[in-house]
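Single-structure report; data block below.
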Amino acid sequence: MTHDLLQQFVNRLLKNERHRGKLARRQELDCYRLYDRDLPAVPLVIDRYADRLYVAQYLRTEESERPDPQWEDYLAAISSTLSVPVEHIHLKQRRTKGDPTQQYQKLADEKNLLIVREGGLRFYVNLTDYLDTGLFLDHRLTREKFRQLSRGARVLNLFCYTGAFSVYAADGGAAQVVSVDLSNTYLNWAQRNLALNRLFDPDKHEFCRADALQYLPTAPAEAFDLVILDPPTFSNSKAMAGHFDIQRDHPTLINQTLRALRPGGTLYFSTNCRKFRLDKSALQAGFVKDITAQTTPFDFQGRLQRWCFVIKKPLPEGETLP
Ligand SMILES: C[S@@+](CC[C@H](N)C(=O)[O-])C[C@H]1O[C@@H](n2cnc3c(N)ncnc32)[C@H](O)[C@@H]1O
Numbered sequence: 003m004t005h006d007l008l009q010q011f012v013n014r015l016l017k018n019e020r021h022r023g024k025l026a027r028r029q030e031l032d033c034y035r036l037y038d039r040d041l042p043a044v045p046l047v048i049d050r051y052a053d054r055l056y057v058a059q060y061l062r063t064e065e066s067e068r069p070d071p072q073w074e075d076y077l078a079a080i081s082s083t084l085s086v087p088v089e090h091i092h093l094k095q096r097r098t099k100g101d102p103t104q105q106y107q108k109l110a111d112e113k114n115l116l117i118v119r120e121g122g123l124r125f126y127v128n129l130t131d132y133l134d135t136g137l138f139l140d141h142r143l144t145r146e147k148f149r150q151l152s153r154g155a156r157v158l159n160l161f162c163y164t165g166a167f168s169v170y171a172a173d174g175g176a177a178q179v180v181s182v183d184l185s186n187t188y189l190n191w192a193q194r195n196l197a198l199n200r201l202f203d204p205d206k207h208e209f210c211r212a213d214a215l216q217y218l219p220t221a222p223a224e225a226f227d228l229v230i231l232d233p234p235t236f237s238n239s240k241a242m243a244g245h246f247d248i249q250r251d252h253p254t255l256i257n258q259t260l261r262a263l264r265p266g267g268t269l270y271f272s273t274n275c276r277k278f279r280l281d282k283s284a285l286q287a288g289f290v291k292d293i294t295a296q297t298t299p300f301d302f303q304g305r306l307q308r309w310c311f312v313i314k315k316p317l318p319e320g321e322t323l324p
């Protein structure tokens, strides 16, 4: 790495940490994005989790996973600039066009869980054992919106991962929360996140290990008031009948979810599929709005690579949505 590039990288880290650190402290927020390939010549993504750093190096398809010779320079610069000891900096190599099924595979077994604060709540994150950490930082504002709509609601969290939306719904006063995921590991993690916030009430929380595509047709009609639907872009887990492709399958998935919603109920639909196009005409919805901009947090401005829509189930003839 040239001296000039190193200096530019250091200056950018300092500037981002100063600005975003201040905003985060104001919100008592421990986890936020610090750097996202701001300098193309330094293709890293750096997230802060309390006193630790999660650093993802994005490899192009043809690049091998051999340690990048520049990595030692990056590590030294990040450590000295942000005053974080190297043993608290966790590197992950990710592929720009990776095998999506790898995303949820276990990479290590160190089990050193860290507790981070967000929105007055606490979450377990794991910076070593998986490609992802257990908390998707970019959905912070969507979780807050979800909390505000949860009072007395019957909530469904589909593709729930570690249950962050279920924790927010419980904190918002949800009457019932059903969390559905294919993975027992993540369902257990979701339960631990609820317990960590003293929100785990077995009478209100149901954890369902299932293929969401097979769960939905069996869900009772009009059983929920509020749903979060955040599927992977692609999924072909062995536990599934066939594979799932969000662009092709989203109308069926959304319409099946609308069937489980009460008339006038609210569905938050999110996808990380960059080239995604919502097929509004295929949806049996009363209202559809793209809220990607409204759900983009300060540390993802101009860099967010996911969509979010609010979709409402039509009301019976003659009634109007509020
Ligand atoms: C993008 S993550 C969801 C993130 C979550 N909404 C959040 O904000 O924390 C996708 C999740 O879908 C789960 N998954 C993948 N295929 C599935 C399927 N067919 N049925 C249910 N869960 C599935 C994965 O285990 C993973 O936890």
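The numbering of the sequence shown is this note's numbering, which starts it at 3 and goes up by one.
C-beta: ideal position from N, C-alpha, C; glycine also.
Note that the coordinates shown come from a computational prediction; the quantities given were computed from them, not determined experimentally.
Would you mind giving the Cβ-Cβ distance between residue i and residue j, rounded to the nearest angstrom? I have them listed as a contact below 8 angstroms.
i           : j           : result
residue 36  : residue 8   : Going by Cβ atoms, the distance from residue 36 to residue 8 rounds to 17 angstroms, so no, they are not a contact pair.
residue 120 : residue 31  : 6 angstroms
residue 158 : residue 180 : 5 angstroms
residue 113 : residue 132 : That belief does not hold up - the Cβ atoms of residue 113 and residue 132 are roughly 11 angstroms apart, past 8 angstroms.
residue 151 : residue 230 : Residue 151 to residue 230, Cβ: 10 angstroms. No contact.
Compare the Cα-Cα distances from residue i to each of the options and report the closest residue.
i           : options            : result
residue 255 : 269, 77, 264       : 269
residue 236 : 73, 274, 154, 151  : 274
residue 282 : 252, 209, 174, 78  : 252
residue 317 : 311, 263, 278      : 263
residue 258 : 145, 223, 302, 140 : 223
residue 265 : 296, 247, 188, 313 : 313
residue 138 : 247, 232, 244      : 232
residue 34  : 160, 18, 42, 41    : 18
residue 190 : 93, 5, 164         : 164
residue 310 : 278, 288, 287, 53  : 278
residue 24  : 250, 300, 92       : 300
residue 29  : 204, 122, 293, 308 : 122
residue 207 : 192, 5, 215        : 192
residue 308 : 272, 187, 185, 245 : 272
residue 43  : 27, 26, 5          : 5
residue 13  : 95, 79, 27         : 79
residue 210 : 245, 162, 203, 47  : 162
residue 284 : 249, 47, 205       : 249
residue 97  : 75, 82, 46, 111    : 46
residue 111 : 95, 178, 187       : 187
residue 205 : 178, 294, 185      : 178
residue 320 : 26, 288, 3         : 288
Given a cut-off of 8 angstroms on the beta-carbon distance, is the pair residue i and residue j in contact?
i           : j           : result
residue 172 : residue 201 : yes
residue 149 : residue 170 : yes
residue 183 : residue 302 : no
residue 72  : residue 41  : no
residue 328 : residue 176 : Nothing can be reported for residue 328, as the shown portion of the chain is limited to 3 through 324.
residue 51  : residue 129 : yes
residue 305 : residue 38  : yes
residue 267 : residue 218 : no
residue 92  : residue 57  : yes
residue 124 : residue 238 : no
residue 53  : residue 90  : yes
residue 260 : residue 296 : no
residue 55  : residue 84  : yes
residue 174 : residue 153 : yes
residue 86  : residue 77  : no
residue 215 : residue 167 : no
With a threshold of 8 angstroms between beta carbons, is residue i in contact with chain B?
i          : result
residue 79 : Chain labels in this structure do not include chain B; a single protein chain is all it has.
Spell out the partners DSSP gives residue i in its beta bridges.
i           : result
residue 33  : 51
residue 97  : 61
residue 314 : 268, 289
residue 159 : 181, 230
residue 21  : DSSP output for residue 21 lists no bridge partner at all.
residue 210 : 182
residue 247 : 236
residue 91  : 55
residue 273 : 309
residue 38  : 47
residue 263 : 226
**Prompt:** Could you give the uninterrupted runs of the beta strand (DSSP E) lying entirely in the stretch 107 to 150, keeping only those of 3 residues or more?
**Reply:** 115 to 120, 123 to 128
**Message:** Which runs of the alpha helix (DSSP H) at least 4 residues long sit entirely within the stretch 180 to 204? Give them in chain order.
**Reply:** 186 to 198
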